[in-house]
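Taken in order, the sequence shown gives residues 816 to 1111; the numbers are from this note's numbering.
I have placed the structure first, in the form of structure tokens, so that the comments after it can refer back to it.
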Amino acid sequence: MLPGLKTLLQPLNVKRFQEQYWRQRHYVSRARGKLVQKLAKELEDFNVYGLLEHHSGPVQAWFTTVEGGFRAAEIPRMAGQAAYDAGVTLYLRLIDVPAIAEWQLRLARELGHSPEGLTCSVFAGKRGASTRCHFDTLENFTIQLQGTKLWRLLPNRHVKAPLENWVTGYELTAEMGLYCKVPMPKDMPSQAEKIELRPGDILYVPRGYWHSAEASGDSVSLFLGFPATPCVDLILNALRSRLIRNALWRENFIDASAGHQWKDQARWQMAELLRALKADVSTLTADDIVACPNGK
Ligand SMILES: [Fe+2]
816 MLPGLKTLLQ
826 PLNVKRFQEQ
836 YWRQRHYVSR
846 ARGKLVQKLA
856 KELEDFNVYG
866 LLEHHSGPVQ
876 AWFTTVEGGF
886 RAAEIPRMAG
896 QAAYDAGVTL
906 YLRLIDVPAI
916 AEWQLRLARE
926 LGHSPEGLTC
936 SVFAGKRGAS
946 TRCHFDTLEN
956 FTIQLQGTKL
966 WRLLPNRHVK
976 APLENWVTGY
986 ELTAEMGLYC
996 KVPMPKDMPS
1006 QAEKIELRPG
1016 DILYVPRGYW
1026 HSAEASGDSV
1036 SLFLGFPATP
1046 CVDLILNALR
1056 SRLIRNALWR
1066 ENFIDASAGH
1076 QWKDQARWQM
1086 AELLRALKAD
1096 VSTLTADDIV
1106 ACPNGK
């Protein structure tokens, strides 16, 4: 059986990890050789061609454009080997390795994290393959299985708890523009910490943390992702379940943009809905939401 958090985090104990690192700052645990041996049995001894041959999920290809931009594209499994040989990083979603799925569920329980939407993938890249400075919306652990990889990491002081992944050099989405109020860096800030991962090393990276990585030798690593469920989504789900019981909320809205003659009716409808919303929200309790986090 694959080990629990206690073994994964050594020499740090689980309580200290929960209090001082989880959802706050990165952490590295070194040389978990036995874990790598156990994972090798589940993952074709980390042979990229073997992994591709037995893979039934999607294959994502990650590569850098000639302008230095980042691109990802889904490619047929049969094209994976040629793409990998040509220096493209492969990202294989492990949807058919039951021992690893069961292990990740156990880890989620230990971390007090929801079992919803857990993701687990293998990254395989040739020496020199790199990712630009970016942040992700997942809490995640990377286990270096083969080869070495140089990471650069920095806490994100630009935006807290982002709702979308973002790669430097790209425009912010309209929604990100609502809560990202300071200029974003163009590349990894110089004060980032450098960490080299060798086989058996485990790196925890919190959601939203700036990071980039470059394979210093051909590299295979395992990624365990624990996605965030933003509170706003939880409340909106619970509220929707409450509101749709009243026909008022299931009615079509009056579209003021259809012409100025509809404006007064649209305003009247919205005023009525806002009155009903205040009444409905005032009856919603914390228990209503905690008891049914998916709004059912
Ligand atoms: Fe990432």
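For every residue, glycine included, the Cβ atom is placed at its ideal position computed from N, Cα and C.
Predicted model only: the values in this text are computed from it and were never measured.
What does DSSP give as the partner residue(s) for residue i in the beta ladder?
i, result
"residue 1040", "934, 955"
"residue 842", "1019"
"residue 966", "1010, 1028"
"residue 945", "1029"
"residue 879", "885"
"residue 1077", "DSSP lists no partner for residue 1077."
"residue 832", "None; residue 832 has no bridge partner."
"residue 1034", "940"
"residue 982", "949"
If we count the other Cβ atoms within 10 Å of its Cβ and call it buried at 16 or more, is residue i buried or exposed?
i, result
"residue 1027", "buried"
"residue 880", "exposed"
"residue 959", "buried"
"residue 863", "buried"
"residue 1083", "exposed"
"residue 898", "buried"
"residue 840", "exposed"
"residue 940", "buried"
"residue 943", "exposed"
"residue 1043", "buried"
"residue 1030", "buried"
If you draw a straight line from the C-alpha of residue i to the C-alpha of residue j, how long is it?
i, j, result
"residue 882", "residue 1089", "50 Å"
"residue 1003", "residue 1024", "11 Å"
"residue 922", "residue 819", "6 Å"
"residue 1039", "residue 988", "26 Å"
"residue 1018", "residue 936", "15 Å"
"residue 1075", "residue 1086", "17 Å"
"residue 1009", "residue 946", "14 Å"
"residue 924", "residue 970", "26 Å"
"residue 1020", "residue 1095", "39 Å"
"residue 919", "residue 1034", "22 Å"
"residue 1091", "residue 1057", "12 Å"
"residue 911", "residue 1061", "43 Å"
"residue 889", "residue 871", "13 Å"
"residue 825", "residue 832", "10 Å"
"residue 982", "residue 1041", "19 Å"
"residue 1111", "residue 887", "Unreliable placement is indicated for residue 1111, whose pLDDT of 49 sits below 50; no coordinate value is reported for it."
"residue 1079", "residue 957", "56 Å"
"residue 1071", "residue 1093", "23 Å"
"residue 854", "residue 836", "25 Å"
"residue 891", "residue 873", "8 Å"
"residue 885", "residue 1103", "43 Å"
"residue 1037", "residue 1001", "28 Å"
"residue 915", "residue 1081", "53 Å"
"residue 852", "residue 1059", "52 Å"
"residue 1006", "residue 999", "15 Å"
"residue 933", "residue 913", "13 Å"
"residue 980", "residue 948", "11 Å"
Report whether the distance from the Cβ of residue i to the nearest heavy atom of ligand 3 is below 7 Å.
i, result
"residue 951", "The model on display carries ligand 1 but not ligand 3."
Mind checking if residue i is an interface residue toward chain E, Cβ cutoff 8 Å exclusive?
i, result
"residue 860", "As a matter of chain content, chain E is missing from the structure shown, which is built from one protein chain."
Inset, instruction - Assess, as a yes-or-no matter, whether the region 998 to 1014 is touched by the region 957 to 977 under the definition of 3 or more beta carbon pairs within less than 8 Å. - result: yes
Legend entry - Three or more C-beta pairs below 8 Å linking the region 1094 to 1104 and the region 1043 to 1059: yes
Inset, instruction - Go through the region 891 to 924 residue by residue and report every complete run of the beta strand (DSSP E) that reaches 3 residues or more, in order. - result: 904 to 908
Legend entry - the region 947 to 956 in contact with the region 1054 to 1073 per 3-pair CB rule at 8 Å: no
Inset, instruction - Assess, as a yes-or-no matter, whether the region 902 to 910 is touched by the region 867 to 881 under the definition of 3 or more beta carbon pairs within less than 8 Å. - result: yes
Inset, instruction - Determine contact between the region 1040 to 1050 and the region 979 to 988, defined as no fewer than three beta-carbon pairs at a distance below 8 Å. - result: no
Inset, instruction - Flag this pair as touching only if the region 992 to 1010 and the region 969 to 976 have three or more C-beta atom pairs under 8 Å; answer yes or no. - result: yes
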